[in-house]
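Everything on this sheet refers to the single structure shown next.
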Amino acid sequence: MRRLYFLFLFTICFNSVSGNKRLAVADITFKNAAYDPGPDPAPYADFKTLVVPIKRAGNLIIVEATVDTLEGNFVLDTGAPYLVLNETYFRDAPRIADQDAAGINGASSGAFATVVHNFNILDLHYDRLTADVTDLSSIENGRNIKILGLLGTRLFSKFAITVDLFRNVLYIQKLDKNGNIPETERVFRDRFMVSPIRFLNDVVFLKGSVNNKEFWFAFDTAAETNLLDYDKCKKLMDNMEVINRAKVTGVGGSSFEVIYARFDQLIVGDRMFMKNRVLLTDLEKMGKAYGYGVDGILGYDFFVRGIFTINFVKKEFEMYIYTNQ
Amino acid sequence: MRHYGHIVILLLLLTGSMSKAIGQNRNSLIITEDNLILQLDLKSPAKELDSILKIAGISSSNTGKVLKGDFSGLNVDGWKMSAHENNVVRFERSLSDLKENPQSQPYLITTRILQIDGRPGYPENVKYGFNKYAKITVYGLSSGLTRFILPGYQQAKRVFLSGNFNSWSTLKGLMKKTDGGWVIDVMLAPGAYEYKYIVESRWITDPNNLLQMNDGGGNVNSVFYKYNYTFKLSGYTSAHRVTVAGDFNKWNANELIMEKKGDAWEHELYLSDGMHQYRFMTDGQWITDPANPVKVKDDDGNLNSVLNLGETVTFKLRGYSNAKKVFVAGDFNNWRPDELSLKRAENSWVLPVVLTAGNYNYKFIVDGEWIADPDNPHYSIEKGGKNSFLSVKPNYTFKLKGFSDAGTVILTGTFDNWDPNGYTLVHNGDEWTIKVYLKPGKWLYKFRVDGKWIIDPGNKLWEQNEFDTGNSVLWME
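These protein sequence lines map, in sequence, to chains L and V. Quick note: the first sequence, position 237, residue 219 per the working numbering, numbers continuous. If you count the second sequence from 1, you need to add 41 to reach the working numbering.
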């Protein structure tokens, strides 16, 4: 129901790429209308603030969790709507939904939807979670770390999460009836930026501008750099400085080009960010994966600027300066 | 005169606008709406050209050509010359390529673009090391285990030990609370380790450990060395100061200060497997190790003691009693054919050789003729020839059950760059096996059964590959 509401609202606000009810995770678009397992039960959380140590793999944020008895690494991924499990380790999980036979890139894939029970991040306990199972080998091979899955946003929909990359800590906090972090539980106070957020298919979107041109950015903690859609930012090229041009070999061995560039004057919320690094590429397929057209993606180069909080209930994004605790 | 002046001004203006058109920086790369514009000054130093060509995504092997006016490399890469004036040449390249991106997730691009050197937090190729603790809170037990103690933090609910020895797990190394602090015993092989404690979910370095290492990924970790060797010098009891130095520590005679224990001087440390040269310094005088008969003269004419750490492998070739000379050569000695000479023994030729952990190919050379080891069923094919295969300190056994009718079963994977000739398995009972040495990390592999590639039916873990045929996955912890 909640998803339908968002779809209705944002079909008016945005130009929906898919046009019908589809969900996408990793490189797979799911015909979700065929099966709706209903919302997962709320997690059991016997804490006000849960402090979780995090690790880093490249620019990825790694959180350890356990699925039943299996413990391992998960990537914190605000670009994924829910839990995604790596096919390598969950191929034999029970299949509960049909899915497209092919991934967006046309390559065949064995992706499917499943349900896992007894999922834990320290003292945060989920009895049951709907998850997609897909191939995450590119992260493992690119970062040489065993990855069981991705932690998408729905896991935290009742909480505020704060990531301190300087101390490598994640805070998961319960909210008061107004959707705020209770005053006594606030860890950081020196806020330098705040912005409302929107959820499209449970993916975090932030409004911003580059050199005064307005953009809608997906905020994706699994993006190791910022990305801008080349077509959408063509007129801004005069303000870009090329860092380098690179060839990338994609899934299936295809090769394509990207340009890594630098620009000033990125405004998000009430704050201007200078010296932003960004990959210029075509984001059409990524928009399809998010379920909505996307002008740009704010990743590591953006969120490393401060300690950041996503309040999923109040729909607010905040940044705090590192030196304050 | 006035008319002439106009011409001068016009000329100056023209020159000015041309030089502006060609750009103010001699070398530059500019991005416009539809094009990249690359400007090169062929008179600029090769280093500068190298750097701009690198930014433009043109391989550095083209720099030399470009300097000679050969722009074929740029043409192949889609650059079109748009201006050439004296030494300055300008190319343009369409940005239409940027409209083709088949990837649907940012990480599919970024994990490929942002390369990471090595594996931060996993020390590699450390030659030697010794611990520096303000208070000894990490030490070996007689059981062979290593005890880590973190004193204090009595109010903490949970404390973990996390390091490269447990894949930096934040869940596995749960410590026990005792009166003396938080304690955990772990099994460590000799080597260098990085670690931290996690107290109430917050990472801290070991407060009693003075040795720290930046992991290159923005983290500072504590360092612990699990020892495997003790330098010992008997006598010299009246000496005031005895140190040991070697090629491993660049002959620094002020670092490894030995301790007097009874009538001998000692220094325990971690020393990597392989060949080391060393000497002692007693009150300023260099001496070789009187207890070590193996000595060698270095390039400067100094006599050094030689230490060879690793596994002793005895190469043995049966028969060939009429041969005059038998050598062994392999990738462990860069295939030098006349270096490792086997000694004649009863009905065979033998030579013990100390090797470090790893996988090797080798051959015997009998009176100049290269032959594979007739007693070793494990081999690999290289350039049509057969090399014998040897794994030193193997830590994993690949097994393939069944396939009893197969002629050959070959193992290949990321450990041998997918060499289709791989390593040959041996048929034992109802399975094919081979033992290999693998470093920690992820390995992909397949078997080739009579030329047909298959994933390992005994391993549930596999991932898709570019041929849609899958690769088996193995994690070495």
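Just so it is clear, CB atoms sit at the ideal spot from N, CA and C, and this is done for glycine as well. What you are looking at is a predicted structure, and each value in this text was computed from that prediction instead of being measured.
Test: residue i CB closer than 8 Å to a CB of chain L
{"i": "R131 (chain V)", "result": "no"}
{"i": "L136 (chain V)", "result": "yes"}
{"i": "Q146 (chain V)", "result": "yes"}
{"i": "L502 (chain V)", "result": "yes"}
{"i": "N139 (chain V)", "result": "The question names Asn, yet the displayed sequence has Leu at residue 139 (chain V). By this cut-off, L139 (chain V) is an interface position."}
{"i": "K95 (chain V)", "result": "yes"}
Own chain residues within Cβ distance below 7 Å of residue i, not counting five before or after
{"i": "T263 (chain L)", "result": "L209, Y212 and V240"}
{"i": "E165 (chain V)", "result": "G159"}
{"i": "N128 (chain V)", "result": "D82, L83 and K84"}
{"i": "R125 (chain L)", "result": "A39, G40 and L42"}
{"i": "S208 (chain V)", "result": "E518"}
{"i": "K257 (chain L)", "result": "R244 and D246"}
{"i": "G454 (chain V)", "result": "W484, L485, Y486 and K487"}
From the options, residue whose alpha carbon lies closest to that of residue i
{"i": "L65 (chain L)", "options": "L:A95, L:L52, L:Y71 and L:T51", "result": "L:A95"}
{"i": "L344 (chain V)", "options": "V:T353, V:F356, V:G257 and V:W327", "result": "V:W327"}
{"i": "A75 (chain L)", "options": "V:K501, V:A447 and V:G511", "result": "V:K501"}
{"i": "D460 (chain V)", "options": "V:Y486, V:N436 and V:K95", "result": "V:Y486"}
{"i": "Q196 (chain V)", "options": "V:P378, V:V240, V:V179 and V:N402", "result": "V:V240"}
{"i": "V276 (chain L)", "options": "V:S145, V:N68 and V:F132", "result": "V:S145"}
{"i": "A62 (chain L)", "options": "L:P178, L:T31 and L:Y274", "result": "L:Y274"}
{"i": "L381 (chain V)", "options": "V:T355, V:A398 and V:Y361", "result": "V:T355"}
{"i": "F481 (chain V)", "options": "V:N436, V:S313, V:Y464 and V:Q505", "result": "The residue you asked about is not Phe; residue 481 (chain V) is Pro in the sequence shown. Minimum Cα distance to P481 (chain V) is reached at V:N436."}
{"i": "D330 (chain V)", "options": "V:V283, V:G443 and V:S445", "result": "V:V283"}
{"i": "W469 (chain V)", "options": "V:I190, V:S113 and V:T449", "result": "The identity of residue 469 (chain V) in the sequence shown is Asn, whereas the question assumes Trp. Ranking the options by Cα distance to N469 (chain V), first place goes to V:T449."}
{"i": "V45 (chain L)", "options": "L:K267, L:L132, L:K140 and L:F141", "result": "L:L132"}
{"i": "D281 (chain L)", "options": "L:Y304, L:I303 and L:L188", "result": "The displayed chain sequence assigns Gly, not Asp, to residue 281 (chain L). Comparing Cα-Cα distances from G281 (chain L) to each of L:Y304, L:I303 and L:L188, the minimum goes to L:L188."}
{"i": "P21 (chain L)", "options": "L:L182, L:V97 and L:V115", "result": "L:V97"}
{"i": "N183 (chain L)", "options": "L:V33, L:I143, L:F201 and L:D220", "result": "L:F201"}
{"i": "I451 (chain V)", "options": "V:A97, V:T474 and V:W503", "result": "V:T474"}
{"i": "E196 (chain L)", "options": "L:E167, L:T166, L:E165 and L:V250", "result": "L:V250"}
{"i": "N262 (chain V)", "options": "L:N150, L:Y304 and L:V192", "result": "L:N150"}
{"i": "T231 (chain L)", "options": "V:Y148, V:V347 and V:V407", "result": "V:Y148"}
Same chain, Cβ closer than 6 Å to residue i, neighbours up to 5 away in sequence not counted
{"i": "H99 (chain L)", "result": "R110"}
{"i": "S429 (chain V)", "result": "Y403, A413, D414, N417 and Y420"}
{"i": "L261 (chain L)", "result": "T207, L209, V240 and Y242"}
{"i": "P161 (chain V)", "result": "D256, G257 and G258"}
Local Cβ density within 10 Å of residue i, reported as buried at 16 or more and exposed below that
{"i": "A205 (chain L)", "result": "buried"}
{"i": "R377 (chain V)", "result": "exposed"}
{"i": "P35 (chain L)", "result": "buried"}
{"i": "M322 (chain V)", "result": "buried"}
{"i": "G288 (chain L)", "result": "buried"}
{"i": "Y180 (chain V)", "result": "exposed"}
{"i": "T438 (chain V)", "result": "exposed"}
{"i": "Q143 (chain V)", "result": "Looking at the sequence provided, one finds Pro at residue 143 (chain V) rather than Gln. By the 10 Å Cβ count, P143 (chain V) comes out buried."}
{"i": "Y311 (chain V)", "result": "buried"}
{"i": "S102 (chain V)", "result": "exposed"}
{"i": "R77 (chain L)", "result": "exposed"}
{"i": "F508 (chain V)", "result": "exposed"}
{"i": "L52 (chain L)", "result": "exposed"}
{"i": "I86 (chain L)", "result": "Its pLDDT being 35, under 50, I86 (chain L) is placed unreliably in this model, and the coordinates cannot settle the point."}
{"i": "Q156 (chain V)", "result": "exposed"}
{"i": "A332 (chain V)", "result": "exposed"}
{"i": "S120 (chain L)", "result": "buried"}
8 Å Cβ cutoff, residue i in contact with chain V
{"i": "A8 (chain L)", "result": "With a pLDDT of 41 at A8 (chain L), under the threshold of 50, the modelled position of that residue is not reliable, and no figure is offered here."}
{"i": "Q304 (chain L)", "result": "Just to set this straight, residue 304 (chain L) is Tyr in the shown sequence, not Gln. With 8 Å as the cut-off, Y304 (chain L) does not count as an interface residue toward chain V."}
{"i": "T70 (chain L)", "result": "yes"}
{"i": "D246 (chain L)", "result": "no"}
{"i": "R125 (chain L)", "result": "yes"}
{"i": "M301 (chain L)", "result": "no"}
{"i": "D28 (chain L)", "result": "no"}
{"i": "F141 (chain L)", "result": "no"}
{"i": "V33 (chain L)", "result": "yes"}
{"i": "K359 (chain L)", "result": "This structure gives no information on residue 359 (chain L), because the portion of chain L shown stretches from -17 to 307."}
{"i": "L209 (chain L)", "result": "yes"}
Cutoff 8 Å; reference residue i; Cβ partners in own chain excluding five residues on either side
{"i": "G193 (chain V)", "result": "G222"}
{"i": "D497 (chain V)", "result": "F439, L441, Y486, K487, F488, W503 and S513"}
- [ ] Report yes or no: do the region 142 to 159 of chain L and the region 261 to 275 of chain V share at least 3 C-beta pairs separated by less than 8 Å?
- [x] no
- [ ] Evaluate the contact criterion for the region 215 to 225 of chain L versus the region 238 to 251 of chain L: three or more CB pairs, one atom per stretch, below 8 Å.
- [x] For the pair of segments examined, the region 215 to 225 of chain L was found to touch the region 238 to 251 of chain L: the number of CB pairs separated by less than 8 Å reaches three.
Task: Inter-stretch contact (C-beta, 8 Å, three-pair minimum) for the region 352 to 370 of chain V and the region 381 to 394 of chain V - done: yes
Open item on the list: So, does the region 242 to 260 of chain V touch the region 271 to 288 of chain V, judging by three or more C-beta pairs under 8 Å?
Closed with: no
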